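First residue of the sequence shown? That's 6 in the numbering used here, and the numbers climb one at a time after it.
All C-beta atoms in this analysis are idealised placements derived from N, C-alpha and C, irrespective of residue type, glycine included.
This structure is a prediction, so every number in the text was calculated from the model and none was measured.
Worksheet for the structure shown next.
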Amino acid sequence: MPFFGTVGQGLVGFRSRFSMLKERIIGRTREPNMRRILSGMQPTGFLHLGNYLGALKSWVAMQGTGACFYAVMDLNAITIPQPPDELRRATRRTAALYLAAGVDPAKSTLFVQSAVPDHTALTWILATQTPLGWLNRMTQYKDKTAGHRDRERLGLFAYPVLMAADILVYKATHVPVGEDQKQHLELTRDIAGAFNRAFSREVFPLPEPMIQTEAARIMSLRDGTKKMSKSDTSDYARINLTDDADTIALKIRKAKTDADPLPGEVKGLEGRPEADNLVTIYAALAGTTRAEVLRTRAGTSFSTFKKDLTDLLVVHLGPLTARLNELESDPAQIDSILHAGAEKAREETQKTMREVRDVIGLYG
Ligand code: AMP
Ligand code: TRP
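Pasting the structure below:
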């Protein structure tokens, strides 16, 4: 009876041995120094080039560097009303896009957020540790409610706490996202720290945001000072990941630029946001830097550069679109991948929740 003690030992001895056993069980379930990577997107609107270069591409590259969890964040999406049928369709389509972009279910756990109830269970617990002042600082809430008083709801306000739970329920150590999510990641670290301090236990690691440097912000093709966004009313502002070669060529041809050719160095892009954006896209697709693109292409006119950019886009997005069409013709296959992924994810979250419940003193 190595853990439970023997008859005659005091109750205190029994208790501490019992909690040792519990810690061993919890501790045994995870490899201590392994990177744990989590990210996700909301199933709303179109997924576009910004999503691919700012996030998806690095998700794929990170497979094999740690335990990867990639989710379709449908509970975040409903913080703004979504037509139910459209939400269902978009959820499957978003999962299909992850797969088409190269997320491999043999290497990563791919699932839908709402199929793993512990995300919301942990949200409540973290909400009890989150000062309102921290949420008041979130710029995304202000952006999303500006001019929309009807959107001022608790769910949208608490969105960053749900996001913290999405990350912490897997004890994720690394979170690859675009720059616009940085503030949410900082809040997640603050909440994790607050929880650990409140209960004097290092339950949650402080997750590192992993933000692409070259493709952190892909801008609109119509206005280089605005982010490329799924909610832009003009379809010419973005390259959708479902656009075919002709559409891509047309959108790039129509993309706003200025009259000057490409400069020789990055400094020459200052005050030229549209030119900068096209060079950024080119560099991100080619897996190089803007400096390197400019070094080799200085003096090239934008009409020539746009043709080369179109070719590069088609080479990258063509196979993705083809694979997407293939996947979308077989929804049962996507469903079975998501089903298996949710089951794996639930096993992970249950481990964390067991520990969290114990630390807090929740009954049972
Ligand atoms: P969203 O489309 O806002 O749900 O974002 C999904 C992911 O794509 C997040 O990691 C974003 O940071 C990233 N993302 C969205 N738009 C862009 C953009 N224009 N440039 C770079 N990354 C982006
Ligand atoms: N807020 C993210 C976005 O709009 C989506 C998201 C929800 C997310 N939960 C997350 C991203 C957890 C990374 C980790 O893109």
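My assumption, with CB atoms under 8 Å, is that residue i sits in contact with residue j. Please give the rounded CB distance.
i      : j      : result
ILE342 : PRO181 : With 8 Å as the limit, ILE342 and PRO181 do not qualify as a contact, their Cβ atoms being about 21 Å apart.
THR262 : PHE307 : 4 Å
PRO336 : ALA303 : The pair is not a contact, with the Cβ atoms about 48 Å apart (cut-off 8 Å).
GLY229 : ASP281 : 7 Å
ASP90  : PRO48  : The pair is not a contact, with the Cβ atoms about 12 Å apart (cut-off 8 Å).
Roughly how many angstroms separate the alpha carbons of residue i and residue j, rounded to a whole number?
i      : j      : result
LEU167 : LEU131 : 8 Å
MET46  : THR99  : 8 Å
THR34  : THR135 : The pLDDT assigned to THR34 is 47, lower than 50, so where the model puts this residue is not dependable; a value taken from the coordinates is nonetheless given after this. Rounded to whole angstroms, THR34 to THR135 spans 28 Å at the Cα level.
VAL208 : ARG359 : 11 Å
LYS235 : LEU58  : 14 Å
TRP129 : ASP316 : 48 Å
Could you tell me which of the options sits nearest to residue i, measuring between CA atoms?
i      : options                        : result
GLU331 : LEU58, LEU102, GLN87, THR49    : LEU102
ARG328 : VAL108, TYR368, ILE365         : VAL108
PHE116 : THR133, ARG97, TRP129, ASP265  : ARG97
ARG351 : PRO48, LEU226, ALA126          : ALA126
ARG375 : GLY152, TRP129, TYR164         : There is no way to answer for residue 375, as the model of the chain reaches only from 6 to 369.
GLU353 : LEU173, PHE162, ALA303, GLU213 : LEU173
LYS312 : ILE85, GLU333, SER119, VAL284  : VAL284
ILE244 : ALA264, THR305, LEU314         : LEU314
PRO110 : THR133, ILE85, GLY292, TYR75   : TYR75
LYS259 : ALA250, GLY369, THR238, ARG227 : ARG227
ARG94  : ILE339, THR193, GLY369, LYS356 : ILE339
PRO86  : SER113, ALA72, GLY50           : GLY50
Compute every distance between the C-beta of residue i and the non-hydrogen atoms of ligand 2, then say whether any falls below 8 Å.
i      : result
HIS189 : yes
MET224 : no
TYR57  : no
VAL180 : yes
ASN141 : no
SER341 : no
SER44  : yes
LEU92  : no
MET233 : no
Tell me whether residue i counts as near ligand 1, meaning its Cβ is closer than 8 Å to at least one heavy atom of that ligand.
i      : result
GLY198 : no
ASP245 : For clarity, residue 245 is Asn in the given sequence; the question names Asp instead. No - ligand 1 has no heavy atom lying nearer than 8 Å to the Cβ of ASN245.
ALA220 : yes
GLU275 : no
LYS112 : no
VAL77  : no
ALA177 : no
GLN217 : yes
Closer than 9 Å, CB to CB, is residue i near chain C or not?
i      : result
ALA126 : Considering every chain present, this structure includes no chain C. It has just one protein chain.
Worksheet item: At what residue ranges does the stretch 125–183 contain a whole run of the beta strand (DSSP E), taking only runs of 3 or more?
Response: 179–182
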